Amino acid sequence: MPTPSPEQLTGQLHGVLEPIVAAAGLELDTLDVRAAGRRHTVKVVVDSDNGVDLDDIARLSRSASAELDQHQHLIAGSYTLEVTSPGVDRPLAGPRHWRRAYLRLVQVRLHDGQTVTGRVGEAGEDTVQLLVDGTLRRLHYADIAHAGVQVEFRPPPESEIALLGGRGGQGPRAAETEDEA
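Residue numbers are given in the UniProt record's numbering: position 79 of the sequence shown equals residue 79, and the series is strictly consecutive.
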């Protein structure tokens, strides 16, 4: 029987690992399988609305390793398991990424070439609220070519948190915003 391609193996392992990740209270963001001869690298990228810490990664690594050991027939030869969370440089590609970036400073490049830097507010299914130079704006995801979180070394200013509806970590509240086409 021929050895499955990395793409086929990724599909097979997704079905094996996704329930383990979900049982840990996390979401499977990306599963990537790479082959070098008979050796494989299985990279599992997980995320959560509450963030992922090193204890979560360690627990999931043990659980995933034990589960892969039960399905060793899928991976011919030895493998290296890498369990990680997405880095700060991950592009904001969907509503859940924007929700997780609440109150973070982001740089956005729109399809028209304009670049906007602002603080993330409420993120819905089709739009996100940004505080840009003291003004609340609503951007449609369809208008965004690329967006990424900017690294900050201090907490956001209280005045910006208040404008975005944040109250001591309670999350956003509805706010009047200027719609942008």
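Backbone N, C-alpha and C fix where the C-beta goes; we use that ideal spot for every residue, glycine too.
Note that the coordinates shown come from a computational prediction; the quantities given were computed from them, not determined experimentally.
Assumed close pair residue 46, residue 83 - CB separation to whole angstroms, cut-off 8 Å: 7 Å
Classification of residue 11 by the beta-carbon crowding that lies within 10 angstroms, buried from 16 upward: exposed
Segment contact flag, the region 120 to 131 with the region 93 to 106, C-beta cutoff 8 Å, min 3 pairs: yes
Beta-carbon proximity check, residue 105 vs residue 67, cutoff 8 Å: no
Span of the alpha helix (DSSP H), counted from its first residue to its last, around residue 8: 6 to 23
Exposed unless 16 or more other CB atoms sit within 10 angstroms - verdict on residue 188: Outside the shown range of the chain (1 to 181) lies residue 188, about which nothing can therefore be said.
Buried or exposed (CB count within 10 angstroms, at least 16 for buried), residue 108: buried
Closest Cα partner of residue 142 within the set 64, 136 and 94: 94
Residues near residue 195 by beta carbon distance below 8 Å, same chain, minus five either side: Because the chain spans 1 through 181 in this model, residue 195 falls outside it and cannot be assessed.
Residues near residue 38 in its chain [Cβ-Cβ closer than 6 Å; skip 5 each side]: 77
Given residue 60 as reference, the closest of 79, 43 and 73 once Cα atoms are compared: 43
Per-residue DSSP class, three states only, for residue 34: strand
Nearest-angstrom beta carbon gap, residue 26 and residue 52 [assumed within contact, 8 Å]: 6 Å
Cβ shell of residue 117 (< 6 Å), same chain only, five flanking positions each side left out: 107
Option nearest residue 33 by Cα separation, candidates 21, 23, 19 and 80: 80
Uninterrupted beta strand (DSSP E) stretches inside the region 21 to 101 (no shorter than 3 residues): 27 to 36, 39 to 47 and 79 to 84
Alpha helix (DSSP H) segment containing residue 162, residue limits: 158 to 163
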